[in-house]
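Novice: Let me give you the structure first, and then I'll get to my questions.
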Amino acid sequence: MEKQITIWQPIRFDEKWLALNTSKLDGIAPSWFSKRDQLKEGSGEYEDFLNKLKRQHAIETGIVEKLYDLKEGITQTFIKEGFVESYLQHGDTNIPPKQLFAYLRDHFDAIDFVFDVVKQNRQITKGFILELHQLITQHQETTDAIDSLGNVVKVNLLKGQFKKFDNNPQRADGTIFLYCPPLHTDSEIDKLISLLLDLEAQQVKPIIISAWFHHAFTQIHPFQDGNGRLARLLASLILIRHGLFPFTVKGSEKKKYIDSLELADKNKPQSLVDFFCEVEKRNIEEVLNLKLDTSISKKSLEEVADVFSQKVESWKQGLQKERFDKINENRNKLFRYCNTVLDEIVRELYKRISKDMAEIYLDKSHPESEKYFWFSHQIVDYAKLHDYFFNRTLPRGWFKIAFVLSEERQYQLVISFHHYGYDDSTVAIGAFLEFIESSANGKRKTNGFSRKGQNNNLITSLPLNIKPHIISLEADTEELESNLKSFLQETITVTLGQIASEIG
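What follows is the structure, encoded as structure tokens:
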């Protein structure tokens, strides 16, 4: 028996969206907005970065919609090098190359058009939405439909026109999802655009507006096909207009994406906003790790004079000193907060693990301590593993939690507090686990550097598979604390699990 689920409700903005948690993005966005001012149009590195984002969006949006499949290797090549047919090998895709490149060009032209629209300060209108649909479906001639007998058939695609008939998809289990009827589509799009303008005027957070607009658009499902692609493009436009990046869903993220949309259908939008924040955070982390060419050798005298004037003005106003003081103060605040959290965790562990079973203790080195440079080699390896630049010229510190099970079996979890990428206000909190094996003479070494009376032990790194927690020192430190605490708790949980598996 068929089960029907009504997805569409008359479009409105529920005030509960205003109370949603956006801390995953808020914790790093200030560093990006600070750096953005340095990235003027014409920066070769930044333009290349944006083009890679556009190509990624063009590729992944088609994969998510099952227009084609692409192997990971060729996907990364296309993102890095561009859409070159000679890169394609047999088996890299499941459709003819000519059709694949037609789709990719349409998708790229559409996201490129969105960037141009932002530059022109053009607003989202009904006409614009129809124009964008025409562009993205330029080389798509047909789509799937259900005939009167319930069979899936190919029908001609209406391009740049709202749907004429119901487009309610049916899943394999027979469940039918009911979207907005064609009769109400036009008026619902008008309402959607009107609410968007109201939210912009109220200066609601762009990430909230974008996620809400995307969800509402998918509930209307105004086109015969291409609704997901259009929803992501329009959400991207909202984000780009506010200095953020395209909303790109990777094929590997499709389940999480669909699940979050379905929760929003049930009036539980936090997961969807979390997902939007995670996508933006991923893009920001990449751009903060982008090395820019700071050479002025190719600049004209006038350009260099302008740069000189701006820097002197900033210096005279004390703006840079004020900023650096804030960064240093926040670095110290967060380091102290980490120390408090880790100290509490160690005390909690002792309530469950007796000292007869294991000795657990916390050691640390503040960024201004003489031992700050310990574990430098391990941090370099960790940064390479997670593909970012470890800026060792800026202050850093570390925490070490030792787990001494016996003289012969000891572990140490090192939590490093160091700067991420080429931005001076972005910090990575990373973690790696080491097994300390006693040497023949019974002496120990507890890190990669010699210490008096503690030499010649063999230290083995153990995989934790924990990505760095990346935050901005220009953000409100109190807003960072909750996510930071969760990261530290998860890190120690994973560590205990790893040690337990090592014991067997």
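Note that my numbering numbers the sequence shown so that position 470 is 471, with each residue one more than the last.
Note that CB positions come from ideal geometry on N, CA and C, so glycine has one too.
Tell me whether Glu-409 sits in a helix, a strand or coil according to DSSP, three-state version.
Specialist: Three-state DSSP puts Glu-409 in coil, outside helix and strand.
Novice: Just to confirm the assignment: which complete alpha helix (DSSP H) runs, minimum length 4, are found wholly within the stretch 227-300?
Specialist: The qualifying runs are 228-242, 255-266, 271-289.
Novice: Please confirm whether Cys-278 and Leu-489 have their CB atoms less than 8 Å apart.
Specialist: Cβ atoms of Cys-278 and Leu-489: not closer than 8 Å.
Novice: Is Val-428 buried or exposed, if buried means 16 or more other CB atoms sit within 10 Å of its CB?
Specialist: So Val-428 counts as buried.
Novice: With distances taken Cα to Cα, identify the nearest neighbour of Lys-81 among Asp-425, Lys-55, Thr-7.
Specialist: Closest option to Lys-81, Cα to Cα, is Lys-55.
Novice: Roughly how many angstroms lie between the CA atoms of Ile-500 and Asp-344, to the nearest whole one?
Specialist: If I take the Cα positions, the gap works out to 20 Å.
Novice: I'd like to know whether the C-beta atoms of Lys-36 and Leu-289 end up nearer to each other than 8 Å.
Specialist: Their beta carbons are under 8 Å apart, which means Lys-36 touches Leu-289 by this criterion.
Novice: Please check the pair Tyr-412 and Phe-400, which I expect to be a contact at CB under 8 Å, by giving their CB distance rounded to whole angstroms.
Specialist: Contact flag wrong, Cβ pair sits at about 14 Å.
Novice: Between the C-alpha atoms of Asp-226 and Lys-165, what's the straight-line distance to the nearest angstrom?
Specialist: C-alpha separation (whole angstroms): 12 Å.
Novice: With a 10 Å radius around its C-beta and 16 neighbouring C-beta atoms as the bar for buried, classify Asn-466 as buried or exposed.
Specialist: The residue in question, Asn-466, is exposed, as its Cβ has fewer than 16 Cβ neighbours within 10 Å.
Novice: Work out the CA separation of Leu-459 and Ile-241 for me, nearest whole Å.
Specialist: Rounded to whole angstroms, Ile-241 to Leu-459 spans 51 Å at the Cα level.
Novice: Which one or two residues does DSSP pair with Ile-177 in a beta bridge?
Specialist: Gln-5, Gln-171, per the DSSP bridge assignment.
Novice: Do Ser-407 and Ala-30 have their C-beta atoms within less than 8 Å of each other?
Specialist: Not a contact, by the Cβ cut-off of 8 Å.
Novice: Are Cys-181 and Trp-33 closer than 8 Å when you measure CB to CB?
Specialist: Result no, Cβ atoms of Cys-181 and Trp-33 do not sit closer than 8 Å.
Novice: Can you tell me where the alpha helix (DSSP H) holding Val-156 begins and where it ends?
Specialist: Not the alpha helix (DSSP H): Val-156 falls in the beta strand (DSSP E), residues 153-157.
Novice: Would the beta-carbon of Ser-417 fall within 8 Å of that of Ile-361?
Specialist: No, the pair does not count as a contact, with Cβ atoms beyond the cut-off.
Novice: Please check the pair Leu-235 and Glu-281, which I expect to be a contact at CB under 8 Å, by giving their CB distance rounded to whole angstroms.
Specialist: About 16 Å separates the two Cβ atoms, so there is no contact after all.
Novice: In the DSSP output, what is Ile-430 paired with across the bridge?
Specialist: According to DSSP, Ile-430 bridges with Phe-418, His-470.
Novice: Would you call the stretch 202-216 in contact with the stretch 267-278, where contact means no fewer than 3 C-beta pairs closer than 8 Å?
Specialist: Touching, per the Cβ criterion.
Novice: Check the C-beta distance from Thr-138 over to Lys-160 and give it rounded, since I have them as a contact under 8 Å.
Specialist: With 8 Å as the limit, Thr-138 and Lys-160 qualify as a contact, their Cβ atoms being about 5 Å apart.
Novice: Have a look at the DSSP bridge pairing and note the partners of Trp-535.
Specialist: Examination of residue 535 is not possible in this model, given that the chain is present from 2 through 505 alone.
Novice: To which residues of the same chain is Asp-424 closer than 7 Å at the C-beta, ignoring the five residues directly before and after it?
Specialist: Counting only Cβ-Cβ distances below 7 Å, and skipping sequence neighbours, we find Ser-32, Lys-36, Leu-289.
Novice: Around the C-beta of Phe-374, are 16 or more other C-beta atoms found within 10 angstroms, so that it is buried, or is it exposed?
Specialist: By the neighbour-count rule (16 or more Cβ atoms within 10 Å), Phe-374 is not buried but exposed.
Novice: Using three-state DSSP, classify Thr-78 as helix, strand or coil.
Specialist: Residue state, collapsed to three classes: helix.
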